[in-house]
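The next block holds one structure in the form of structure tokens; read it before the comments.
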């Protein structure tokens, strides 16, 4: 099986593989290739129906081989391949397909499992039959010559060893599981991280250098591993180790080189004979070729290399470059890190060596990458520092086929690395750039992770939030309907494959794209064209993530923006064709259009102009930048034969510098030592008409273009020395722009600021200064998105879950006006991030954040909810209440319920409905009901805390009906906490029954008191001493008759409210809450213990506490006297009959519940909804 999976595609091998996986497959025609003649024919040469397989659960699986056209190849047009497989499935009336995609003369092929996904409907904006699109999901292994097949073999192992293997579709899908391969890889990666970290910690030379340069061991190890991983992705493109020296030169080629004239010729004549010797009519490499190269001066070697014929092109390099380099190092004395890896990083990849990119160090072509990824960390002096890393850490293979080896390279070599970030419908069973995010999370030790509040966001959640944000933005910018924009963003790449076929673009068939965006009439003329409007909006969007982490959200939005613009390109091509007077002109216009809008160019433009972020953690910034660079490299397609810009480019493009896009610092602080360094009035465009600018504002206006120009230059700079010069110039301009504010600081504080400004992680982020262009042009960001950190600041108990903050930071958060809504109990940092995110939005900008569900329900978040409802127009809330089931909660490593908030700044309207959905799994389930609810609805249900209830539409209707004309419990009695604090009043608490009776919460049951509790003792009170020393108002409440209740009940208990009456003379511990109504006490007890009010309470409570403010909020409907009397008598009956031996009286309770349902006006259906939840 290993031989099959590591060989080029062949029909015989494929049939053998199928027979190994399935024991009951039916072969159809594995040797007959059917030529493809449909609109897929540009990419698909033909297909072979190899066989069919019926699963044990009655599903039909088709088995196909699909031959791709040479110009398409297995890596291109992935959506087209997926859609062709979908066509095969639908034509065969099947449920899924196993497909081998291969191309002639391509040694690699793709084994894909394709399954139809959910059905979606697209309305074309006019009265006509609704057409249905059912997309397909594809999961793939890349196999073939020299491709590692460790993952595929391990996943198919159970099928292969079982001679009677008959897997179901779900079992097959599990065999293609991305999660299985990534989790295994992450665990091994983390082991290598710890091993490398432990070794460096013990190396005195390294520690001395790290202390001199102020970087940590952890930062160094994360960057080193990130650099190695990056090169594994890069060698996948064939960019490393591109050959220059052919094995043989013809006599003519040799003499053309040898007889080069001038100074160059003299150098070539001196060294060429040592490299090549005559063999018959030709010249071949000498037996001493490598040692001869090593002796040639670098400039001479580079000169000869640049003159060499047959130099191979970018893309032809070794896909096992790092392994080959390591093996060479071992054969030549070892010291892989010091003698080979460091020079590769710091003297090769980060150095511009001209168009050829030749490096004498390694005697081959290596691209110049720029961007800073391969620059020494924080001034690390790699040439002078005397430390090495043992070769065994990189590889401890004892033989070429040693499968037990577990060095860094040994582990990496086992896995496929794919350059493509996964999409919702396309999953590669391999290590992709997205895994760097999970590695970042896994590398944070548990304590470290919690101290920073960082939790990795699942990619499905990222996809959802990015798409919803972009839809919201585009609707606001273009005023195209939400349904039209939504269909375009969600399904545009699928639509364009269908809409750009000849019959549709000529108007013979209706298109799927909304006619609001693009329409062609019956004669092929474009009559509606909003493509440019959509494109301009996508070009001008400005996005920021305040806690970027591993870069998931910026990468997600980058991919969505570029994908949407690529889709627009294809519709623009249709529009261009309609204007052409000939096919030749049409072809030229389309070619020119596509050459100006390549995926690489679109991505580079978007990164520069649209993607911004910050994080306090330097490693997070490094990884976010790494992923953005990888994303660019993915789409950097080389054309060695390019003659003009229309043809593309010949060499890899240098990576951009992202220092002005991704910042490292405290996102929440934008001042220093209490001095605000950037004033809102400094920003151009903020002065009202007729106002004059101060000289300082005029100076700001003069310097702003210089700052923007320098930032632009930095992004594109590909020279290390010039880069530092530009950075110095940017810092000088920055300091001038805030000069007036700096001058207000004492001299020593100014020096402290300059020192802080040089730190890798700054104690502030000066948003309006660093992103001055955004605030000048727009007044703020269009989209603020992310997963902010969670946790209480400087929590005294359970400190490993606390977010650390300095006293200055705490003071700033408490005093700064923008954080006022975050106050309430101990400050949770996510509330600060919501406030800061709001402040950075432009008017009508969109906020999309995922954070703890405490925002919806906890009293501590009341001010924040009020602020959001008063200052923003909420669009949607997605709630994920699951916290106990690890496989279903959003954050596997964090036991918490979370929610997604999507809202727009401004245009707040208390009566405007927004959408709310409860998701019962870790992903957004679009099949679940969305409830329409407004801030005024929420205020009616809970005016005190504005708790957002977790309800469906029917439940919301019941809540509103209950509250419409009701009073609240606080109108009859405030809810108090028991007067005896078991900690503060401990000296009065006794175990002897001779003392005064006192109740604990566990003793309070529904309609009775028990002395049989499962935990703890029955306690008593020395009332004589207590009364003598304690004189608070509550200390006298024991003298009255009270309704008492448990202060804590299980969130999943049938009855959350457990109450009864106690006579005067009984004390209550602080685990008891109580009410003291002056009249109708039995009636109020009956209401509180009823199914209806229990149901109401459960819908508004998210934790085990029965809080006083929640009891105060219970809706109370006063009945006529005869009903009150009847209910009171039923309650008295329950108080008499319910006890430890007889814990319920169903007949009386049912009668009481029915009266209360009628009292609140519930229908029979509504009653049944409540009763169903009480089972």
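Residue numbers (UniProt numbering): 1 to 1175. Just so you know, even glycine gets a beta-carbon here, dropped at the ideal spot from N, CA and C. On a predicted model such as this, the values are computed, not experimentally measured, just so you know.
Proximity to residue i [Cα-Cα], best of the options
i	options	result
residue 374	997, 644 and 349	349
residue 620	554, 550, 671 and 677	550
residue 961	7, 299 and 1166	1166
residue 1200	718, 674, 713 and 782	Beyond the ends of the chain as shown, which are 1 and 1175, falls residue 1200; an answer cannot be given.
residue 81	215, 47 and 769	47
residue 1227	938, 277 and 666	Any answer about residue 1227 is impossible in this case: the structure gives the chain only from 1 up to 1175.
residue 1176	608, 762, 813 and 371	Absent from the structure is residue 1176, since the part of the chain shown begins at 1 and ends at 1175.
residue 352	782, 974 and 723	723
residue 915	899, 921 and 922	899
residue 827	838, 811 and 840	811
residue 503	494, 513, 485 and 522	522
residue 538	559, 1012 and 524	559
residue 630	603, 1126 and 615	603
residue 106	191, 41 and 7	7
residue 840	779, 237, 1124 and 615	779
residue 1180	367, 725, 721 and 242	What is shown of the chain runs 1 to 1175, which leaves residue 1180 out entirely.
C-alpha gap between residue i and residue j, whole angstroms
i	j	result
residue 1191	residue 222	Since the displayed the chain opens at 1 and closes at 1175, residue 1191 lies outside it and no answer follows.
residue 452	residue 547	Note on residue 452: pLDDT 49, under 50, position unreliable in the model; the coordinate value appears next. Looking at the two C-alpha atoms, the distance is approximately 10 Å.
residue 999	residue 1042	12 Å
residue 121	residue 932	Residue confidence is low: residue 121 scores 47 on pLDDT, short of 50, so the model does not pin down where it sits. Its coordinate-derived value is still stated next. Distance between the alpha carbons of residue 121 and residue 932: 22 Å.
residue 516	residue 53	44 Å
residue 56	residue 173	15 Å
residue 149	residue 230	20 Å
residue 868	residue 909	11 Å
residue 295	residue 195	37 Å
residue 873	residue 184	43 Å
residue 895	residue 1102	14 Å
residue 176	residue 852	32 Å
residue 1074	residue 808	41 Å
residue 62	residue 490	28 Å
residue 1190	residue 339	Any question about residue 1190 goes unanswered here, given that the chain covers just 1 to 1175.
residue 821	residue 663	26 Å
residue 1151	residue 1066	31 Å
residue 972	residue 846	43 Å
residue 1164	residue 1158	9 Å
residue 632	residue 282	42 Å
residue 1140	residue 482	60 Å
residue 574	residue 475	24 Å
Contact belief for residue i with residue j at Cβ below 8 Å, rounded distance in angstroms
i	j	result
residue 969	residue 1169	Contact doesn't hold; Cβ gap of about 23 Å is too wide.
residue 466	residue 553	7 Å
residue 1203	residue 114	This structure does not reach residue 1203, given that the chain is present from 1 up to 1175, and the question cannot be answered.
residue 1007	residue 1089	7 Å
Beta-bridge partners of residue i, as assigned by DSSP
i	result
residue 109	143
residue 738	Bridge partners of residue 738: none, in fact.
residue 848	785 and 902
residue 34	47
residue 873	904
residue 1059	1045
residue 968	1115
residue 1186	In the structure displayed, the chain extends from 1 to 1175; residue 1186 sits before or after that span and is not available.
residue 665	762
Do three or more CB pairs link the region 649 to 668 to the region 242 to 255 at distances below 8 Å? no
Could you say if the region 903 to 911 and the region 850 to 863 meet the contact criterion of at least three C-beta pairs nearer than 8 Å? no
Please confirm if the region 553 to 572 is in contact with the region 800 to 814, defined as three or more CB-CB distances below 8 Å between the two stretches. no
Specify whether the region 978 to 993 and the region 1056 to 1065 touch according to this definition: at least 3 beta carbon pairs, one from each stretch, less than 8 Å apart. no
Taking 8 Å as the cut-off, does the region 1014 to 1033 touch the region 1081 to 1097 (at least 3 CB pairs, one atom from each stretch)? no
Inter-stretch contact at 8 Å, needing at least 3 Cβ pairs: the region 159 to 168 / the region 19 to 28: yes
So, do the region 1078 to 1088 and the region 1117 to 1134 have three or more beta carbon pairs nearer to each other than 8 Å? yes
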